[in-house]
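In numbering that gives the first Met the number 0, the protein residues as written are 0 to 204.
A short write-up of the structure that comes next.
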Amino acid sequence: MTDVFALMGISVVLCAGLLAWLTAWRICSPQALWCKLLTLLCFALLWIPLGTAQIPVVAYVRGFTADLSITLIALAMGSIGHRALGWRATPKHEQAAVMAAVAAAALFLYPLALGWGDLDAYGPGWGSWGMLLILLVLCLVSWAKGLLVLPALVSLALMAWSFGWMESGNLWDYLLDPWLSTFALGYVVKIVFIKCLHAAVRRFR
C-alpha cells in the first residue's frame with residue numbers, strides 16, 4: 000500500500016510539473032482539452048511496466064527521487080486542480096507563508112542531518128511531543144493570522160503520518176523533502192531579491 004501511494008504521489012507531481020511547464024511556455028492553455036489529455040497520457044505512461052521485472056516507469060523514477068512528501072504531493076494536486084479544473088488559485092501570501100515555513104524547516108533539518116552539529120534534528124520526527132507541540136503552535140499562529148493553507152498542509156501530513164501512508168515512519172519525511180525544500184529556498188531567495196531590488200530603486204529615485 001505504501002509503495003502504491005508513493006508511486007501515485009510521484010506521478011501526480013510529475014504531471015503537475017508538466018502542466019506547469021506547458022502553461023509557463025504558453026504551449027497550451029491548461030483549460031484546453033488536448034492539454035488535459037496530454038497530462039493524462041503522461042500519467043498513464045508512467046505506469047507502463049518495463050523490464051524483466053515488469054515494474055512501472057514511475058518505479059524507476061522513484062529510485063532517483065525517493066519518496067516525496069505529503070506537502071509536495073498536496074501542492075501538486077492543488078496546482079493541477081487550479082490549472083486543469085479551474086480551482087481557485089492559492090493567494091500569493093499563502094504561498095509565501097508555506098514556502099517560508101518549508102525553507103526555514105529545511106535550513107534547520109538538513110545541515111544538522113548531514114552532521115553539521117551535535118543536535119539530532121531528525122530524531123524528533125519519530126514521535127516527539129515537542130515537535131508536535133511546535134507544529135500545533137505554528138498552525139494556531141497561522142490560523143490567527145488568517146493563513147489557512149499552511150495549517151491544512153501540516154494537518155494532512157500529520158494525518159498521513161498517523162496512518163502510516165508512507166514507507167518512512169518519520170514525520171519530517173511527510174512534511175518536506177529535498178525537492179520541495181530546494182524549490183522553497185529558491186522561491187524565498189527570489190522574493191527577498193525582488194524586495195531588495197525594489198527598495199534600492201525607491202531609494203535612488
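Beta carbons are placed, not taken as given, at the ideal position from N, Cα and C, and that holds for glycine.
Predicted model only: the values in this text are computed from it and were never measured.
| task | Mark residue 176 as exposed unless 16 or more other C-beta atoms lie within 10 angstroms of its C-beta, in which case mark it buried. | result | buried
| task | Work out the CA separation of residue 75 and residue 174 for me, nearest whole Å. | result | 14 Å
| message | Short of 6 Å in beta carbon distance, which residues of its chain neighbour residue 45, apart from the five on each side in sequence? Order them along the chain. | response | 10, 56, 57
| Start-to-end residues for the alpha helix (DSSP H) that takes in residue 105 | That run of the alpha helix (DSSP H) goes 91–112.
| field | Start-to-end residues for the alpha helix (DSSP H) that takes in residue 59 | value | 56–64
| Bridge partner(s) assigned by DSSP for residue 49 | Per DSSP, 54.
| Of the residues 131, 79, 89, which one's Cα is nearest the Cα of residue 169? | 131
| Looking at the C-beta of residue 94, does it have a partner C-beta in chain C at a distance below 8 Å? | Structure shown: chain C not included; a single protein chain is present.
| query | Rounded to whole angstroms, how far is the Cβ of residue 38 from the Cβ of residue 73, which I believe are closer than 8 Å? | reply | Their Cβ separation, rounded to whole angstroms, is 18 Å, which puts residue 38 and residue 73 out of contact at 8 Å.
| What separation, rounded to the nearest whole angstrom, lies between the Cα atoms of residue 171 and residue 156? | 9 Å
| query | Relative to the alpha-carbon of residue 122, which residue among 187, 15, 167, 99 has its alpha-carbon at the smallest distance? | reply | 167
| Using 8 Å as the Cβ pair cut-off and three pairs as the minimum, do the segment 95–104 and the segment 179–189 touch? | yes
| What do you reckon, are the CB atoms on residue 160 and residue 150 nearer than 8 Å? | no
| Hey, would you say residue 27 sits closer than 8 Å to residue 21, going by beta carbons? | yes
| query | Of the residues 107, 102, 127, which one's Cα is nearest the Cα of residue 189? | reply | 102
| message | Just to confirm, is the Cβ distance from residue 6 to residue 87 under 8 Å? | response | no
| task | Determine, using beta carbons only, whether residue 212 and residue 17 come nearer to each other than 8 Å. | result | Lying outside 0 to 204, the shown extent of the chain, residue 212 is not represented and no answer is given.
| task | Return the chain-ordered list of same chain residues with a C-beta closer than 6 Å to the C-beta of residue 104, the five sequence neighbours on each side being excluded. | result | 175
| said: What does the alpha-carbon distance come out to for the pair residue 165 and residue 50? | reply: 25 Å
| message | Between the alpha carbons of residue 136 and residue 48, how many angstroms are there, rounded? | response | Spanning the two alpha carbons is a distance of roughly 45 Å.
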